[in-house]
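Asks: Handing you a structure now.
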Amino acid sequence: MRQRVLTAVIGIPLLLFLVYLGSWYFFALCFLASAIALYEFHGFTKGLGADISLFLLEAGGLLAFLTAYFMGRSQLNSAYFIVLIILLLIIEMFRSRSILKNGSLLLLGTFYGGVLFAFLPLLRHLGVGYLILLLLVTWGSDSFAFFVGIKFGKHKMWPEVSPKKSWEGSIGGLLGGLAGGLVTSLLGFVLLKDGLIAGLVGSVFAQIGDFMESAMKRECQVKDSGYILPGHGGILDRVDSLIILAPVLYLTLQILA
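Under the numbering used here, the residue at position 79 of the sequence shown is numbered 80, and the numbers go up by one with no gaps.
See below:
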């Protein structure tokens, strides 16, 4: 518990400072986090008996990160991304002679550890308030789901994947997401309507992101994705909700604009 608190005390202010700075500082943080997440995903694949090249996963994932980011900035055509995916599949096919198992996991890792992370700096590019919205909705949803689940959780949602998650905790997560959106609007970062819609939609996808990583870890028979964050596990353990919610929030904001 002491390590967990110490990591949070140091990490959260540093994260908020880089969010505030934005520009290439926050971009570099997301790029580094993506690289670590890709390494952690490679560890997942070992539990499935797959033989994926770490170099190829890192290179493909980080190139996918850059491609998705500059596509979002309207500086690259989507054809670049399609060509990248084709090249990855071709290289993996000749490297391991496995296009279905290894190739599928390679593409999943490229998307999960690369593309999804690119939406974090894309949101920051829209404005610091939108990234604050993402963080508050995610943290609100996770925190409310945790504490409500502990206090009132009796009806399990999906015990085969995540034995501790309950329907009561999920409802708490919805309220927490709405609270995060409300606080963001009260701070003047977004309109009240946008904050509440983002809070409601965001809390649903934040919980889905949590379930997705739980399912992957259970299938690969690992407890944590890594150990880089003392007391918290790995990067994927901490951002599983964020990286699923980020593109959803980005699209929601585009629709509401």
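C-beta: ideal position from N, C-alpha, C; glycine also.
Is DSSP giving S167 helix, strand or coil here?
Replies: The residue you call residue 167 lines up with position 166 of the sequence shown. The answer is strand: DSSP assigns S167 an E or B state.
Asks: How is the alpha helix (DSSP H) around G62 delimited, first residue to last?
Replies: Counting from one through the sequence shown, the residue named residue 62 turns up at place 61. G62 -> alpha helix (DSSP H) spans 55-73.
Asks: Which complete beta strand (DSSP E) runs does the region 108-171 hold, if anything under 3 residues is left out?
Replies: Within the region 108-171, no complete beta strand (DSSP E) run reaches 3 residues.
Asks: Tell me whether the beta-carbon of V138 lies closer than 7 Å to the beta-carbon of G181.
Replies: As a working note, residue 138 is residue 137 in the sequence shown. As a working note, residue 181 is residue 180 in the sequence shown. Cβ atoms of V138 and G181: closer than 7 Å.
Asks: Apart from the five residues on each side of it in sequence, which residues of its chain come closer than 7 Å, Cβ to Cβ, to F27?
Replies: For the purposes of this step, residue 27 is taken as the residue at position 26 of the sequence shown. These residues qualify, in order along the chain: L19, V20, P122, R125.
Asks: Kindly indicate the opening and closing residues of the alpha helix (DSSP H) around K224.
Replies: Residue 224 sits at position 223 when you count from the first residue of the sequence shown. Where K224 is concerned, there is no enclosing alpha helix (DSSP H), given that its DSSP letter is neither H nor E.
Asks: Starting from the C-beta of R74, find all residues in its chain whose C-beta is less than 8 Å away, skip the five residues before and the five after it, and write them out in chain order.
Replies: If you number the sequence shown from 1, residue 74 lands on position 73. Excluding residues within five positions, the ones whose Cβ falls inside 8 Å are L123, H126.
Asks: Could you work out which residue in L117, T253, F145 is closest to L243 when comparing CA atoms only?
Replies: The residue given as residue 243 occupies position 242 in the sequence shown. Of L117, T253, F145, the residue nearest in Cα terms is L117.
Asks: Could you tell me which of G235, E220, L107, K152 sits nearest to I172, measuring between CA atoms?
Replies: As a first step, residue 172 is located in the sequence shown; it is residue number 171 there, counting from the start. It is K152.
Asks: Assuming F212 contacts L246 (C-beta within less than 8 Å), just tell me the rounded distance between them.
Replies: Translated into the one-based positions of the sequence shown, residue 212 becomes position 211. Translated into the one-based positions of the sequence shown, residue 246 becomes position 245. The pair is not a contact, with the Cβ atoms about 13 Å apart (cut-off 8 Å).
Asks: For the alpha helix (DSSP H) that Y251 lies in, which residues bound it at each end?
Replies: The residue you call residue 251 lines up with position 250 of the sequence shown. Y251 -> alpha helix (DSSP H) spans 236-257.
Asks: By alpha-carbon positions, which one of L201, L132, F82 ends up nearest to G23?
Replies: As a position in the sequence shown, residue 23 is number 22, starting the count at 1. Checking every option, the nearest Cα to that of G23 belongs to L132.
Asks: Where does P248 land, buried or exposed, given buried means 16+ other C-beta within 10 angstroms?
Replies: Your numbering for residue 248 matches position 247 in the sequence shown. It counts as buried.
Asks: Is the region 83-91 touching the region 32-43, taking contact as three or more C-beta pairs under 8 Å?
Replies: No, the region 83-91 is not in contact with the region 32-43.
Asks: Beta carbon of I83, beta carbon of I236: below 7 Å?
Replies: Stepping through the sequence shown from its first residue, residue 83 is reached at position 82. Stepping through the sequence shown from its first residue, residue 236 is reached at position 235. Result no, Cβ atoms of I83 and I236 do not sit closer than 7 Å.
Asks: Does the distance from the CB of H156 to the CB of S163 come in under 7 Å?
Replies: The residue you call residue 156 lines up with position 155 of the sequence shown. The residue you call residue 163 lines up with position 162 of the sequence shown. It is not a contact, given that the beta carbons lie outside the stated cut-off.
Asks: Hey, would you say the C-beta of K152 is under 6 Å away from at least one heavy atom of the ligand PLP?
Replies: The ligand PLP is not part of the structure shown, which contains no ligands of any sort.
Asks: Hey, would you say G130 sits closer than 7 Å to F32, going by beta carbons?
Replies: Against the sequence shown, residue 130 aligns to sequence position 129. Against the sequence shown, residue 32 aligns to sequence position 31. No.
Asks: Quick check: the Cα distance between P14 and W25, rounded to an integer number of angstroms?
Replies: The count along the sequence shown starts at 1 and reaches residue 14 at position 13. The count along the sequence shown starts at 1 and reaches residue 25 at position 24. Taking the straight line from one Cα to the other gives about 18 Å.
Asks: Which of the three DSSP states, helix, strand or coil, is assigned to Y228?
Replies: Locating residue 228 in the sequence shown gives position 227, counting from the first residue. Here Y228 sits in coil by DSSP.
Asks: Helix, strand or coil: how does DSSP classify V202 here?
Replies: Counted from its first residue, the sequence shown places residue 202 at position 201. In the structure shown, V202 sits in a helix (DSSP, three-state: H, G or I).
Asks: Distance check for G200 and R239, CA to CA, integer angstroms please.
Replies: In the sequence shown, residue 239 corresponds to position 238, counting from 1. In the sequence shown, residue 200 corresponds to position 199, counting from 1. In a straight line, the C-alpha of R239 is about 19 Å away from that of G200.
Asks: Whose CA, out of I229, F112, L107, lies closest to the CA of G67?
Replies: Against the sequence shown, residue 67 aligns to sequence position 66. The question names Gly, but residue 67 is Leu in the sequence shown. For L67, the nearest C-alpha among the options comes from F112.
Asks: In chain order, what residues of the same chain lie with their CB nearer than 6 Å to the CB of F145, ignoring the 5 residues before and after it?
Replies: In the sequence shown, counting from the first residue as 1, residue 145 sits at position 144. Around F145: G173, G174, L176, G177.
Asks: Between which two residues does the alpha helix (DSSP H) carrying A51 extend?
Replies: Walking along the sequence shown from the start, residue 51 turns up at place 50. Unbroken run through A51: none, as it is neither H nor E.
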